[in-house]
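One structure is given here, and the rest of the page talks about it.
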């Protein structure tokens, strides 16, 4: 049996417009409300907005940073983990997740989605990625329900092992 | 100003005799008591005993795993972060730390100490490593005092920045 | 001035049908004929066929392997470099290249394309990826001409620096 | 049967005094003379001097670079492989080697020696490291004989597999 927290990696661009930041903020709130630890790349844009949401809802946030110093993290990161390995840290943002939520982003986000598939993590599409194999949800309410369903399955599975 | 938790990486061998496991367990207790998050490689021996101590004292434990699955972690890890990068994850165990505590170990531990020096982390010697530049403490009481001193310095520094 | 060999990374699926393997073989021949070192992930499918082509044309092949042992490489790899870091080695296959040629593949290939963009390498599309920013060529003859043009530009640039 | 080149990683400090540079230069000459590809971290000090020696003797040199650009390499590197993963690349310098030769160095070199042990590579001590498990040789002549012996064993082993 696994006594671990369930981790949700929120991925998306470090540049994000207001609408995407609002979405990321709401996603962060939901991740915290369903009781998961929010993991992200620790920097700005989607990452910062999601951490801000999670903190507002009383959650815990982890930033897996590309550089070697904790000062690099956005201010809503509780636990900053500098990796020193640059954007190779993307593999860890994906692999560290029980569940991945993909918001709009660019090549870095696309890279993390690819690693999510390589390591067979469930990936929820909140960014119109429309890639075969990603999980579709209609809206934030749909996201919440899907997260609860996945969490239940993970909890059951790990109790049996 | 940094709102982050202070992280302490406890490093040491995945095979450890009873005496070293007792030491690791006590080190874990102290890390939790001084209010830090315990980071480690997530596996067995020193890592497991230190996590067990931290949990007993009400702390939070993070395991930075070499493999790609969370099941690999010892059962006292709260937040398991599979990296998929093998023992290259040693660089992260060192770099993720505000403070490193080195217990007895073998080549993997030696590697993490080296990275601690490369990335200029303070390294407390609890394993008779006797390497120039490591911080010596006499015993567990000395460890506790040294940790408090380092935490105070880190808090002051990050308040100013 | 840089006295280095120009490296071309050939990326694509480790499962490839006959048609894609023929394409990869021909791409490998051209890479060797224009005087470049062929870099790849060192395994099978597109990687093996491209190495076979390059060897047939008298070229040099490098395999950047995910595992820790050289035995993992396909038999047309001259210089096997086990990384031990799993599929995080994808970042290196991209970053090690002066020029990337992308053949058909799956998530691993997509990941390497993403890293190619992150690290601003020119990426030639030989796999109908149709991603904005990739370089299109009509056929193998078009590939050869484009490679010669890129090589000329790289040589000029590095002579000036 | 493995058709690969045998690789020798030469490791040591990026700051080296005249005596150590002379030693590194001579080591590079011998690595090339016995027919091996010289692998190193691609930077300066021991790495540059060893590459210079290998080039003088007609050998091939590979630099596994911490950064993301080939310009970072010393001018005796034939094939520059930027990894983008910082000093985590040390694991690759060790793991890519059939044989490691350790010259004097500091924490980075010590880290590569540790990884050499983790991944069970033979490590020849040319830097008074005096670590249990390293192979001792008396001088450059002893190095040459030891390399030939190891090469013979590797060739025999890979012919059988």
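Protein chains in written order, with our numbering: chain A, 14 to 174; chain B, 14 to 174; chain C, 14 to 174; chain D, 14 to 174. Backbone N, C-alpha and C define an ideal beta-carbon position, used for all residues, glycine too.
Pairing residue 51 of chain C with residue 23 of chain C gives a Cβ-Cβ distance under 9 Å. Between the stretch 121-138 of chain A and the stretch 125-141 of chain B there are fewer than three C-beta pairs closer than 8 Å, too few to call the two in contact. Under the DSSP assignment, residue 115 of chain D falls outside any alpha helix (DSSP H), being part of the beta strand (DSSP E) whose first and last residues are 112-115. Where residue 127 of chain D is concerned, the enclosing alpha helix (DSSP H) starts and stops at 120-131. Put simply, the stretch 88-98 of chain C does not touch the stretch 61-79 of chain A. Fewer than three CB pairs are less than 8 Å apart. Of the other Cβ atoms in all chains shown, fewer than 16 fall within 10 Å of the Cβ of residue 166 of chain D; this residue is therefore exposed. Chain order gives the chain B residues near residue 132 of chain A as 81 and 97, where near means a beta carbon separation below 7 Å.
From the beta-carbon of residue 64 of chain D, no residue of chain C is found nearer than 7 Å; the closest lies around 11 Å away. According to the DSSP secondary-structure assignment, residue 76 of chain B is paired through a beta bridge with B:53 and B:93. In this structure, residue 81 of chain D lies away from residue 124 of chain C, with their beta-carbon atoms at least 9 Å apart.
Just so you know, the alpha carbons of residue 48 of chain B and residue 112 of chain B end up roughly 13 Å apart. Residue contact check for residue 127 of chain D against chain B: a CB pair falls below 9 Å. Beyond the five residues adjoining it in sequence on each side, residue 83 of chain C comes within less than 8 Å, by CB distance, of 93 and 95 in the same chain, given in chain order.
Any Cβ of chain C closer than 9 Å to the Cβ of residue 89 of chain B would place that residue at the interface, and such an atom is absent. With a cutoff of 9 Å on beta-carbon distance, residue 148 of chain C and residue 164 of chain C are scored as not near each other. Cβ contact annotation for residue 58 of chain D (same chain, cutoff 6 Å, sequence separation greater than five): 26, 27, 28 and 29, in chain order. It is roughly 23 Å from the alpha-carbon of residue 78 of chain B to the alpha-carbon of residue 138 of chain B.
Shown here, residue 137 of chain A sits in a strand according to DSSP, grouped into three states. Per DSSP, residue 21 of chain B lies in no alpha helix (DSSP H) segment; the continuous beta strand (DSSP E) that holds it begins and ends at 20-24. As the crow flies, the alpha-carbon of residue 169 of chain D is around 21 Å from that of residue 114 of chain D.
The distance from the Cβ of residue 71 of chain C to that of residue 37 of chain C is about 18 Å, inconsistent with a contact at the 8 Å cut-off. Neighbourhood of residue 50 of chain A in chain B, by CB distance below 8 Å: 92, in chain order.
In the structure shown, residue 148 of chain D adopts extended strand secondary structure according to DSSP, grouped into three states. Under a 10 Å Cβ-count criterion, residue 16 of chain C is classified as exposed, with fewer than 16 other Cβ atoms of the shown protein chains found around its own Cβ.
The C-beta distance from residue 43 of chain D to residue 162 of chain D rounds to 13 Å, too long to fall under 8 Å, and the pair is not in contact. Residues 20, 21, 22, 52, 129 and 134 of the same chain have their beta carbon placed closer than 8 Å to that of residue 110 of chain D, with the five preceding and five following residues left out of the count. Interface criterion met: the Cβ of residue 109 of chain C is under 9 Å from a Cβ in chain D.
Per DSSP, reduced to three states, the secondary structure at residue 47 of chain B is coil, with no helix or strand assignment. Between residue 100 of chain A and residue 121 of chain A, the CB-CB gap stays under 9 Å. Only exposed fits residue 32 of chain D, as fewer than 16 other CB atoms lie within 10 angstroms of its CB. Contact note: residue 101 of chain B reaches chain C through 97 and 98, using a C-beta cutoff of 7 Å and chain order.
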